[in-house]
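Chemist: For the sequence shown, counting from 1, position 93 maps to 92 in numbering that gives the first Met the number 0; every step adds exactly one.
All residues carry an ideal CB built from backbone N, CA and C; glycine is no exception.
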Amino acid sequence: MNSSKPFLSYCRLEGIMLPNGRLKAILILFAGVLFVALGIYQVVVSDAWAGGGEWVTDEMGNSKYVITGEGTTVNVEESELICPAMYDPVCGSDGKTHPSWCGLEEDGIAVAYRGECVSDEDSEIDDLRAENDFLKKQVVDLMAVVMEQLKVIQQLAAQMVGVGDVIAKVN
Numbered sequence: 000m001n002s003s004k005p006f007l008s009y010c011r012l013e014g015i016m017l018p019n020g021r022l023k024a025i026l027i028l029f030a031g032v033l034f035v036a037l038g039i040y041q042v043v044v045s046d047a048w049a050g051g052g053e054w055v056t057d058e059m060g061n062s063k064y065v066i067t068g069e070g071t072t073v074n075v076e077e078s079e080l081i082c083p084a085m086y087d088p089v090c091g092s093d094g095k096t097h098p099s100w101c102g103l104e105e106d107g108i109a110v111a112y113r114g115e116c117v118s119d120e121d122s123e124i125d126d127l128r129a130e131n132d133f134l135k136k137q138v139v140d141l142m143a144v145v146m147e148q149l150k151v152i153q154q155l156a157a158q159m160v161g162v163g164d165v166i167a168k169v170n
């Protein structure tokens with residue numbers, strides 16, 4: 000981020016855009032990042048910034064602050080998006096987890112669903128773990144049966160020792 004760029008002169012708190020002079024929260028400007036006491040917002044300001052900007056809502060209901068130059072109109076495609084630095088993960092159409100929906104469409108990525116991505120590989124691993132747990136249980140159950148059978152064989156062998164001695168003496 001280029002720290003020589005001008006800082007945003009408006010901040011939106013709880014849906015209200017307030018000029019810096021009326022902003023009640025403590026603001027700290029440092030290297031292109033605006034910190035608000037209620038949360039941290041990363042601010043990226045367009046080189047074309049001169050007269051401020053305005054909040055616009057896209058067709059999906061997502062709000063964005065669009066930077067406009069003095070005497071220009073809002074152009075969502077050409078304006079630079081300002082995204083809050085927050086973690087509200089979404090799974091993108093690229094199959095990767097993104098920190099939030101903000102900025103995805105500018106990168107040509109759609110939101111597949113809210114939350115972290117669950118890849119096919121993850122579900123395959125979960126399936127293998129479940130199968131592994133099932134097989135472990137079967138092996139443990141089988142070992143218990145084998146141990147019981149070994150005890151019976153040992154008891155029979157102990158009884159047979161006496162019979163074997165008698166049979167050997169008869170022959």
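Whose C-alpha, out of SER118, VAL89 and GLU130, is nearest the C-alpha of GLU213?
Modeler: Because residue 213 is not part of the residues shown, which for the chain are 0 to 170, the question remains open.
Chemist: Suppose contacts are defined by Cβ-Cβ distances below 8 angstroms. Is GLY94 in contact with SER118 by that definition?
Modeler: Yes.
Chemist: What does DSSP give as the partner residues of GLY91 in its beta bridges?
Modeler: Looking at the DSSP assignment, GLY91 forms a beta bridge with VAL110.
Chemist: Of all Cβ atoms in chain C, is any one closer than 8 angstroms to the Cβ of GLN158?
Modeler: Judged by its chain identifiers, the structure shown contains no chain C, having just a single protein chain.
Chemist: Please report the straight-line C-alpha distance between LYS133 and MET142, rounded to a whole angstrom.
Modeler: The sequence shown places Phe at residue 133, not Lys. Rounded to the nearest angstrom, the two C-alpha atoms are 14 angstroms apart.
Chemist: Ordered along the chain, which non-local residues of its own chain (more than five positions away) have a Cβ less than 7 angstroms from that of THR96?
Modeler: The residues are PRO88, CYS90, GLU115 and CYS116.
Chemist: Under a three-way DSSP split, which group does ALA49 fall into?
Modeler: Residue confidence for ALA49 is low, a pLDDT of 38 falling below 50, so the modelled location carries little weight and cannot support an answer.
Chemist: Quick one: residues in its chain with C-beta nearer than 7 angstroms to the C-beta of ALA111, no 5 flanking neighbours on either side, listed in chain order?
Modeler: Cβ neighbours of ALA111 beyond the five flanking positions: CYS90, GLY91 and SER92.
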